[in-house]
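Taking it in order: structure first as structure tokens, then the write-up.
Protein chains in written order, with our numbering: chain S, 390 to 729; chain V, 390 to 729.
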């Protein structure tokens with residue numbers, strides 16, 4: 390799903406997300422919205438969807454990931470995490486109960502249980518303690534939720550340790566959450582490790598509830614992890630890379646800044662029917678990128694998001710037709726054929 | 390007209406300019422496009438309109454304004470201006486002939502004669518020399534034009550001196566350009582001076598050809614200068630101010646960053662039917678501005694451009710109905726009623 394860290398999907402309007410990109414759900418970051426404008430402000434504006442003029446579902450993360458990766462001086466206790474805002478240094482505290490309160494204020498359709506996200510590599514002993522703490526925090530998150538209108542997903546942790554992943558999956562799925570997520574991946578480990586842990590973990594997750602792999606990934610990652618049974622993803626990759634001039638195409642990656650595109654009249658991806666590909670040349674997009682024009686970031690973001698959403702739409706169709714493995718194989722082969 | 394300095398109207402797509410804003414023409418800067426991506430590159434992409442995926446008219450300025458305001462170490466000779474690129478310091482030269490060559494490469498529907506734009510205040514003697522030089526350069530521009538598909542406008546100079554403005558108007562309008570522009574205003578003089586010089590100069594300009602006031606201005610400036618007989622304007626004000634959080638409304642200016650909008654569910658302008666005003670609150674736009682979100686710059690730009698284009702569309706209607714003075718008076722009164 391497209392990710393809007395501070396209350397918007399960067400450079401893209403809700404209308405484009407809906408009509409041009411076909412997004413079904415957007416993610417807002419609990420940590421960012423809590424700090425600015427404040428979850429109380431979002432609540433007074435009628436919640437995240439209304440605030441954003443977005444007419445479809447929304448999701449908030451637990452805040453944990455940003456607390457561990459972005460905030461300063463975080464200190465973990467059994468009760469929760471003490472940290473300082475990365476914006477102004479003020480002292481803040483996030484716990485299962487405060488995360489639920491904030492997420493209920495933000496009012497997304499799906500909330501995430503408060504968890505600890507451990508950077509990899511990490512000592513097994515620490516990961517084990519973290520798995521146990523995440524289980525206790527998951528139960529407290531579940532107990533703290535008071536709004537029946539919002540769904541709540543639990544998050545499985547366990548680092549790169551298969552035994553701990555199985556243990557965490559057993560613990561978290563013992564709580565009747567509305568869906569289950571795999572957290573703590575895409576945090577520094579190698580891609581084969583991420584694939585290995587994901588495919589190992591999904592086998593311990595119920596089939597009748599959504600399975601959400603957090604913070605993943607490249608188009609190739611999505612296709613592989615769908616084959617392991619994952620239903621949902623979120624990632625900044627399509628938009629962040631777009632702003633940096635890296636475009637995803639059916640033939641692989643394309644760096645728009647390259648000199649060879651200066652006179653190119655070709656679209657980014659001749660197979661793509663997004664606004665960018667239907668109207669603009671690689672030469673124009675290269676110029677916008679070199680000139681630092683905002684429109685370049687925007688047209689690139691529109692393309693990458695359209696590419697990602699088309700990829701998973703086609704994956705859904707292939708699954709429904711019972712031909713997913715063929716779709717994946719052919720798509721991956723084409724993606725590795727002509728990266729530029 | 391919306392201004393696209395480096396080949397785009399900042400943050401705004403051609404589709405929005407056409408469908409949401411109703412722009413009839415966009416301006417590309419000769420200086421910027423010559424330096425990057427190079428007018429030869431624009432030519433190879435089929436000209437400015439095709440490069441930009443813009444299906445309506447385009448205009449290029451002469452390059453003079455940027456050479457005098459932006460470039461480094463400019464040195465004026467009878468032949469032309471020697472200067473260094475503000476981007477990389479390389480030596481460049483712009484003259485009537487090279488300006489025409491570049492503008493023909495860029496391929497806009499309207500080109501501007503190469504002129505000297507003098508900063509104000511300035512010595513009368515210098516302004517007089519500059520008026521004479523601009524006349525000689527205007528004739529050379531006219532003579533250097535070889536493409537019959539493109540229109541060419543002459544530019545009247547003369548600083549804040551009425552006698553020199555009259556002289557320049559007589560000189561420039563003696564050359565059968567397709568339209569005439571008033572240049573060298575909005576360059577440091579007070580607003581009443583700009584109004585005085587504009588109303589003085591238009592009386593020496595033919596009524597049957599477009600009159601274009603360059604680099605102007607605020608909504609109030611446009612309404613007043615239309616009453617002096619001006620037909621065309623270009624200005625960065627709607628987009629630049631939008632990016633800085635200054636919005637134009639039917640009741641005057643609105644600074645979106647102000648704390649008082651934090652919880653406001655009101656649109657920027659309840660009389661406006663742009664996408665921004667129809668979908669987003671002042672509270673959300675304030676949040677986007679405070680968070681430095683690109684979408685905020687974009688939604689603000691969309692509103693300001695829509696406001697400007699609606700203003701001049703209504704002016705055209707009022708002129709056609711023979712009620713322009715009433716329209717101007719009422720609109721100016723309302724604009725001064727509730728600036729926030």
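C-beta: ideal position from N, C-alpha, C; glycine also.
Residues within the region 628 to 639 of chain V neighbouring chain S, beta-carbon criterion of under 8 Å: none
Beta carbon proximity, residue 670 of chain S to chain V, threshold 8 Å: Here residue 670 of chain S refers to the residue found at position 281 when the first chain is read from its first residue. Yes, residue 670 of chain S lies at the interface with chain V (some Cβ there is under 8 Å from its Cβ).
Can you list, in chain order, the residues of its chain whose CB lies under 8 Å from that of residue 602 of chain S, leaving out five sequence neighbours each side? Counted from its first residue, the first chain places residue 602 of chain S at position 213. 570, 571, 574, 587, 614, 619, 621 and 622.
Residue-level contact to chain S via CB, residue 680 of chain V, 8 Å cutoff: Taking the first residue of the second chain as position 1, residue 680 of chain V is located at position 291. Judged by the 8 Å Cβ criterion, residue 680 of chain V is in contact with chain S.
Excluding the 5 residues flanking residue 528 of chain S on each side, which residues of the same chain have their C-beta closer than 7 Å to its C-beta? Taking the first chain and counting its residues from 1, one reaches residue 528 of chain S at position 139. The residues are 564.
At a CB-CB cut-off below 8 Å, which residues of chain S make contact with residue 686 of chain V? Taking the second chain and counting its residues from 1, one reaches residue 686 of chain V at position 297. The contacting residues are 683.
Chain S contacts made by the region 493 to 525 of chain V, where a contact means CB separation under 7 Å: none
Residue 440 of chain S: contacting residues in chain V (beta-carbon distance under 7 Å): Working through the first chain from its first residue, we reach residue 440 of chain S at position 51. In chain order: 673.
Count the CB pairs spanning the region 638 to 650 of chain V and the region 580 to 594 of chain V that are closer than 8 Å, and state whether there are at least three. no
Of the choices S:410, S:676, S:497 and S:462, whose alpha-carbon is the least far from that of residue 439 of chain S? In the first chain, residue 439 of chain S corresponds to position 50, counting from 1. The residue with the shortest Cα to Cα distance from residue 439 of chain S is S:497.
Quick test of the definition: if touching needs 3 or more C-beta pairs under 8 Å, does the region 501 to 510 of chain V touch the region 528 to 545 of chain V? yes
Where residue 512 of chain S falls, given that 16 or more other Cβ within 10 Å makes a residue buried: Within the first chain, residue 512 of chain S is the residue found at index 123, counting from 1. By the 10 Å Cβ count, residue 512 of chain S comes out exposed.
Buried/exposed call for residue 689 of chain S, threshold 16 Cβ in 10 Å: By 1-based counting over the first chain, the position of residue 689 of chain S is 300. Residue 689 of chain S should be labelled buried.
Test: residue 430 of chain V CB closer than 8 Å to a CB of chain S: Locating residue 430 of chain V in the second chain gives position 41, where the first residue counts as 1. It does: the Cβ of residue 430 of chain V has a partner Cβ on chain S nearer than 8 Å.
Under a three-way DSSP split, which group does residue 695 of chain V fall into? Locating residue 695 of chain V in the second chain gives position 306, counting from the first residue. Reduced to three states, the DSSP call for residue 695 of chain V is helix.
Chain V contact residues for residue 814 of chain S, given Cβ-Cβ distances below 7 Å: Nothing can be reported for residue 814 of chain S: it is not among the residues displayed for chain S, which extend from 390 to 729.
Alpha carbon of residue 625 of chain V to alpha carbon of residue 391 of chain V, nearest angstrom: Counting from 1 along the second chain, the entry for residue 625 of chain V is found at position 236. Counting from 1 along the second chain, the entry for residue 391 of chain V is found at position 2. Whole-angstrom Cα-Cα distance: 7 Å.
Would you call the region 706 to 715 of chain S in contact with the region 426 to 444 of chain S, where contact means no fewer than 3 C-beta pairs closer than 8 Å? no
Have a look at the DSSP bridge pairing and note the partners of residue 600 of chain V. Here residue 600 of chain V corresponds to residue number 211 of the second chain, with the count starting at 1. For residue 600 of chain V, which the question treats as bridged, DSSP gives the partners V:569.
Residue range of the beta strand (DSSP E) that includes residue 417 of chain V: In the second chain, the residue the question calls residue 417 of chain V occupies position 28. Looking at the DSSP string, the run of the beta strand (DSSP E) that includes residue 417 of chain V is 415 to 417.
When you compare only the Cα positions, how much space is there between residue 413 of chain S and residue 474 of chain V? Within the first chain, the letter at position 24 stands for residue 413 of chain S. Within the second chain, the letter at position 85 stands for residue 474 of chain V. Looking at the two C-alpha atoms, the distance is approximately 47 Å.
How many angstroms separate the CA atom of residue 432 of chain S from the CA atom of residue 656 of chain S? The residue given as residue 432 of chain S occupies position 43 in the first chain. The residue given as residue 656 of chain S occupies position 267 in the first chain. Approximately 42 Å between the Cα atoms of the pair.
Rounded to whole angstroms, what's the CA-CA distance from residue 400 of chain V to residue 682 of chain S? Just pull it up for me. The residue given as residue 400 of chain V occupies position 11 in the second chain. The residue given as residue 682 of chain S occupies position 293 in the first chain. C-alpha separation (whole angstroms): 8 Å.
For residue 494 of chain S, count neighbouring Cβ atoms within 10 angstroms of its own Cβ and tell me buried if that reaches 16, exposed if not. The residue you call residue 494 of chain S lines up with position 105 of the first chain. By the 10 Å Cβ count, residue 494 of chain S comes out buried.
Answer with yes or no whether the minimum CB distance from residue 411 of chain V to chain S is below 8 Å. Counted from its first residue, the second chain places residue 411 of chain V at position 22. False, the Cβ-Cβ gap to chain S never drops below 8 Å.
Is any heavy atom in the ligand ATP found nearer than 7 Å to the beta carbon of residue 635 of chain V? Ligands displayed in this structure: none; no statement on the ligand ATP is therefore possible.
I'd like to know if the region 462 to 472 of chain V and the region 480 to 495 of chain V are in contact, where contact means that at least 3 CB-CB pairs between them fall below 8 Å. yes
6 Å CB neighbourhood of residue 593 of chain V in its chain, flanking five on each side removed: For this step, residue 593 of chain V is matched to residue 204 along the second chain. 555 and 558.
Where residue 433 of chain V falls: helix, strand or coil (DSSP): Position 44 of the second chain, counted from the start, is the residue given in the question as residue 433 of chain V. Note: residue 433 of chain V maps to helix in three-state DSSP.
Please check if any C-beta of chain C sits within less than 8 Å of the C-beta of residue 401 of chain S. Looking at the structure shown, chain C is missing, and the protein chains on hand are S and V.
Buried versus exposed call for residue 577 of chain V [16 or more other C-beta atoms within 10 Å across all chains shown]: As a first step, residue 577 of chain V must be located in the second chain, where it is residue number 188. Exposed is the call here.
Using a beta-carbon distance below 8 Å, is residue 659 of chain V in contact with chain S? Start at 1 with the first residue of the second chain, and residue 659 of chain V comes out as number 270. Not an interface residue.
On the three-state DSSP scale, how would you describe residue 706 of chain V? In the second chain, residue 706 of chain V corresponds to position 317, counting from 1. Helix at residue 706 of chain V.
Report the CB separation of residue 599 of chain V from residue 568 of chain V in whole angstroms; it is logged as a contact under 8 Å. Position 210 of the second chain holds residue 599 of chain V. Position 179 of the second chain holds residue 568 of chain V. With a Cβ gap of about 4 Å, residue 599 of chain V and residue 568 of chain V count as contacting.
Alpha carbon to alpha carbon, how far is residue 660 of chain S from residue 434 of chain V? Give it in angstroms, no decimals. What you label residue 434 of chain V is simply residue 45 of the second chain in a count that begins at 1. What you label residue 660 of chain S is simply residue 271 of the first chain in a count that begins at 1. Each residue's alpha carbon lies about 21 Å from the other.
Does any residue of chain S have a CB that is nearer than 8 Å to the CB of residue 396 of chain V? To locate residue 396 of chain V, count along the second chain from 1; it is residue 7. True, the Cβ-Cβ gap to chain S drops below 8 Å.
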